[in-house]
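See structure below.
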Amino acid sequence: MAVLTAVAVALLTGLSAAPAQAAGGVMIYRAYYNSPGPDTRSNASLNAEYIQLKNTTKVTKYVTGWTLRDRQNHIYRFPTTKIGPGQTLYVRTGKGTNNANNRYWGRTSYVWNNTGDAAYLRNSRGALIDSCSWGSSGSWKYC
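For our numbering, count along the sequence shown from 1 and bump the result up by 253.
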């Protein structure tokens, strides 16, 4: 009887265990830190460097005011932005027109270091939501 009471209390008060992903719901899914070909700083090359975020929940997540930054503290602040359930969003380094699938940093130089770096996703209050780091091998990493 005591076990049933404890389970009922936990369920009613929301103390039941939940998957770790459910805590934030938005994660850094992939980092493409070394765009293909030579580093010419062309807009096409800059936009081939990106961080891909994923909403792992079944509800729309709003990331307005959140930030994405690297170890050198280059900061991208999200304008009004939402990510649909199970959807991804690319944050591209170069210039472009923001849409439902892409956000553009508007930079004329690369952000993510090919020799090793890290991406940090923080909410609008500055709390760390997720991070991903990589070394000097390869061009991209699933986080």
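Where is the CB? At the ideal position from N, CA and C, for every residue including glycine.
In this structure K307 touches M280 by the C-beta definition: roughly 6 Å separates them, less than 8 Å.
Taking a contact to require three or more Cβ pairs closer than 8 Å, the region 329–336 and the region 313–320 qualify as touching. R283 is the residue among R283, K314 and I336 whose C-alpha sits nearest the C-alpha of W387. DSSP places N300 inside the alpha helix (DSSP H), whose first and last residues are N296 to N300.
The beta-carbon separation of T313 and G337, rounded to 5 Å, stays under the 8 Å limit for a contact. Excluding its 5 nearest sequence neighbours in each direction, I382 has C-beta neighbours in its own chain below 7 Å: G277, V279, L374, R375 and N376, listed in chain order. Taken in chain order, the complete beta strand (DSSP E) segments of 3 or more residues contained in the region 338–395 are 341–345, 355–357, 370–375, 381–387 and 393–395. Membership of V279 in the beta strand (DSSP E) is indicated by the continuous run V279 to Y285. Around the Cβ of T346, a 10 Å sphere holds 16 or more other Cβ atoms; the residue is buried. By the beta-carbon neighbour count (other beta carbons within 10 angstroms, threshold 16), D292 is exposed. When DSSP reads this structure, T320 sits in a beta bridge with R330 and R375.
T368 has its alpha-carbon roughly 9 Å from the corresponding atom of G391.
Closest option to R356, judged by alpha-carbon separation, among Q325, T341, S362 and W393: T341.
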